[in-house]
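Asks:
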Amino acid sequence: MKLIDGKQTASEIRAELKNEIDKLKLSGKNVPGLVAILVGENPASEIYVRSKSKDCEEIGMRSKVEKLDAGVPEKELLELVDKYNKDKDYHGILVQLPLPKHIDEDKIIEAISPKKDVDGFHPVSVGNLVIGKDTFASCTPAGIQELLVRYKIETKGKHVVVLGRSNIVGKPIANIMLQKKEGANSIVTICHSAAKDLAQYTRQADILIAAIGQPKFVKADMVKDGVVVVDVGINRIEDKNLPKGYRIVGDVDFDEVAPKSSFITPVPGGVGLMTRAMLLKNTYKAYLLYGE
Ligand SMILES: NC(=O)c1ccc[n+]([C@@H]2O[C@H](COP(=O)([O-])OP(=O)(O)OC[C@H]3O[C@@H](n4cnc5c(N)ncnc54)[C@H](OP(=O)(O)O)[C@@H]3O)[C@@H](O)[C@H]2O)c1
-11 MKLIDGKQTA SEIRAELKNE IDKLKLSGKN VPGLVAILVG ENPASEIYVR SKSKDCEEIG
49 MRSKVEKLDA GVPEKELLEL VDKYNKDKDY HGILVQLPLP KHIDEDKIIE AISPKKDVDG
109 FHPVSVGNLV IGKDTFASCT PAGIQELLVR YKIETKGKHV VVLGRSNIVG KPIANIMLQK
169 KEGANSIVTI CHSAAKDLAQ YTRQADILIA AIGQPKFVKA DMVKDGVVVV DVGINRIEDK
229 NLPKGYRIVG DVDFDEVAPK SSFITPVPGG VGLMTRAMLL KNTYKAYLLY GE
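Residues -11 to 280 in the working numbering are what the sequence shown spells out, letter by letter.
1. Return the CA-CA distance between Lys(-10) and Val215, expressed in angstroms with no decimal places.
2. Does the distance from the CB of Ser51 to the CB of Cys44 come in under 9 Å?
3. Can you list every residue whose CB sits closer than 7 Å to some heavy atom of ligand 3, going in chain order?
4. CA-CA distance, Asp185 and Ala199?
5. Are the Cβ atoms of Val19 and Met49 separated by less than 9 Å?
6. Can you say whether Met3 is buried or exposed, counting buried as having 16 or more other CB atoms within 10 angstroms of its CB?
7. How long is the line joining the alpha carbons of Ser154 and Ile178, rounded to whole angstroms?
8. Figure out for me which residue from Lys(-5), Glu46 and Lys42 has the closest Cα to the Cα of Ile9.
9. Give the DSSP bridge partners of Asn223, in chain order.
10. Kindly list the residues whose CB is nearer than 6 Å to the CB of Gly152, restricted to its own chain and excluding five residues on each side of it in sequence; keep chain order.
11. Give the single residue among Glu64, Ser113 and Lys144 whose Cα lies nearest to the Cα of Asp194.
12. Check this for me: beta carbons of Tyr189 and Gly21, under 9 Å apart or not?
13. Taking 6 Å as the limit between beta carbons, can you name the residues of its chain near Ser101, skipping five residues before and five after?
14. Less than 9 Å between the C-beta atoms of Ile236 and Tyr139, yes or no?
15. How far does the beta strand (DSSP E) with Ala58 in it extend, from its first residue to its last?
16. To the nearest angstrom, how far is it from the Cα of Asp77 to the Cα of Phe124?
17. Can you grab the Cα-Cα spacing for the pair Asn229 / Val259, in whole Å?
18. My assumption, with CB atoms under 8 Å, is that Thr263 sits in contact with Gly131. Please give the rounded CB distance.
19. For His147, list the residues DSSP reports as bridge partners.
20. Please state if the CB of Ile252 and the CB of Asp219 are separated by a distance shorter than 9 Å.
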């Protein structure tokens, strides 16, 4: 069994990007920029946004956080998005979700220019992903593929079984792995809560990607020997032995499944850290494609 180290890989990606940005700075060029728009006082969102802008600063990217009151009218948010659509210093726009109920999230996402859609949630980006055009793939699925590529895991002709069909993980990773491209070209099955006997699918997986949000759901008898396991789940379970009273586990029962697997991502320390790194990578890509 080999551990897929998301922490190490994410740090390699940041180092590579920093290197590129250092070169831009030396040649007196503009650098990539990411603006994060945060509406309201959601503590989890504040932590996410703070860590994303810290990542940017660490690698020398321009970064800005726009904080708006929870009661901001939708129109004002749309105007702000439009302002950054036109701003040449910001190549990526991220609107932290969820938004307050009076704001139509779809409308906001659709207002972001697809050229700056570094979260990959815009329907144009999603459509391009499905038809195999180069685009911004959303960060968690992009991070999963990056791990498979960097660990030189064969994907061509392999059976990838995806647990979960959300728009941010399940569907996009399935679409990524389906493409006739390097690091993909797989046979893909997507499972969801209507599956009658989930194990009959998971046991067929050469590569199992679990994104269902159910703690330690995948057990040893649900996988075959030598499976590659990518655990996307981030679940809190009670742990009275820890000062905070809980710990984070994945959707896979790591202790049971790891001995049967050829590669496996841990939780924490696997996919989660890749999401942030891919946001930086997408912003750099937006700069290269559309920046000046
Ligand atoms: N950066 C990261 O690492 C990252 C990013 C995003 C999410 N996550 C984590 O990944 C997990 C999934 O997130 P998400 O946003 O994709 O979740 P979600 O929107 O809640 O979707 C869960 C999916 O799993 C399916 N599902 C739930 N229970 C199932 C079961 N017992 N058997 C089969 N399918 C089942 C659901 O089926 P139905 O469609 O039929 O309801 C749904 O498609 C969560 O733990 C989340 O915290 C991590």
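Positions of the beta carbon are idealized from the N, C-alpha and C atoms, including for glycine.
Replies: Put simply:
1. Here the question's residue -10 lines up with position 2 in the sequence shown. Here the question's residue 215 lines up with position 227 in the sequence shown. Each residue's Cα considered, the two are about 11 Å apart.
2. Indexing the sequence shown from 1 puts residue 51 at position 63. Indexing the sequence shown from 1 puts residue 44 at position 56. In this structure, the beta-carbon distance from Ser51 to Cys44 falls below 9 Å.
3. No copy of ligand 3 occurs in the structure displayed; its ligands are ligand 1 alone.
4. For the purposes of this step, residue 185 is taken as the residue at position 197 of the sequence shown. For the purposes of this step, residue 199 is taken as the residue at position 211 of the sequence shown. Taking the straight line from one Cα to the other gives about 17 Å.
5. Counting from one through the sequence shown, the residue named residue 19 turns up at place 31. Counting from one through the sequence shown, the residue named residue 49 turns up at place 61. Yes, they are a contact pair.
6. Residue mapping note: residue 3 aligns to position 15 of the sequence shown, counting from 1. Per the sequence shown, the amino acid found at residue 3 is Ala instead of Met. Burial call: exposed.
7. Numbered from 1 along the sequence shown, position 166 holds the residue referred to as residue 154. Numbered from 1 along the sequence shown, position 190 holds the residue referred to as residue 178. Rounded to the nearest whole angstrom, the C-alpha separation of Ser154 and Ile178 is 10 Å.
8. For the purposes of this step, residue 9 is taken as residue 21 along the sequence shown, with counting starting at 1. Comparing Cα positions, the closest option is Glu46.
9. Here residue 223 corresponds to residue number 235 of the sequence shown, with the count starting at 1. DSSP, once it has assigned bridges, lists Val237 as partnering Asn223.
10. As a working note, residue 152 is residue 164 in the sequence shown. Excluding sequence neighbours, Gly152 sits near Gly158, Ala199 and Ile200.
11. Here residue 194 is taken as the residue at index 206 of the sequence shown, counted from 1. The option with the nearest alpha carbon to Asp194 is Lys144.
12. The residue you call residue 189 lines up with position 201 of the sequence shown. The residue you call residue 21 lines up with position 33 of the sequence shown. No, Cβ-Cβ distance for Tyr189 and Gly21 is not below 9 Å.
13. As a working mapping, residue 101 is identified with position 113 in the sequence shown. Answer for Ser101: Asn73, listed in chain order.
14. Residue mapping note: residue 236 aligns to position 248 of the sequence shown, counting from 1. Residue mapping note: residue 139 aligns to position 151 of the sequence shown, counting from 1. Between Ile236 and Tyr139, the C-beta spacing is not below 9 Å.
15. One-based indexing of the sequence shown puts residue 58 at position 70. Counting along the chain, no beta strand (DSSP E) covers Ala58, and no H or E run does either.
16. For this step, residue 77 is matched to residue 89 along the sequence shown. For this step, residue 124 is matched to residue 136 along the sequence shown. Going by C-alpha positions, Asp77 is about 19 Å away from Phe124.
17. Translated into the one-based positions of the sequence shown, residue 229 becomes position 241. Translated into the one-based positions of the sequence shown, residue 259 becomes position 271. Cα to Cα, the separation comes out at about 25 Å.
18. For the purposes of this step, residue 263 is taken as the residue at position 275 of the sequence shown. For the purposes of this step, residue 131 is taken as the residue at position 143 of the sequence shown. Between Gly131 and Thr263 the Cβ distance is about 5 Å, and since that is below 8 Å, they are a contact.
19. Start at 1 with the first residue of the sequence shown, and residue 147 comes out as number 159. Note: His147 sits in a beta bridge opposite Ile175.
20. As a working mapping, residue 219 is identified with position 231 in the sequence shown. As a working mapping, residue 252 is identified with position 264 in the sequence shown. Their beta carbons are under 9 Å apart, which means Asp219 touches Ile252 by this criterion.
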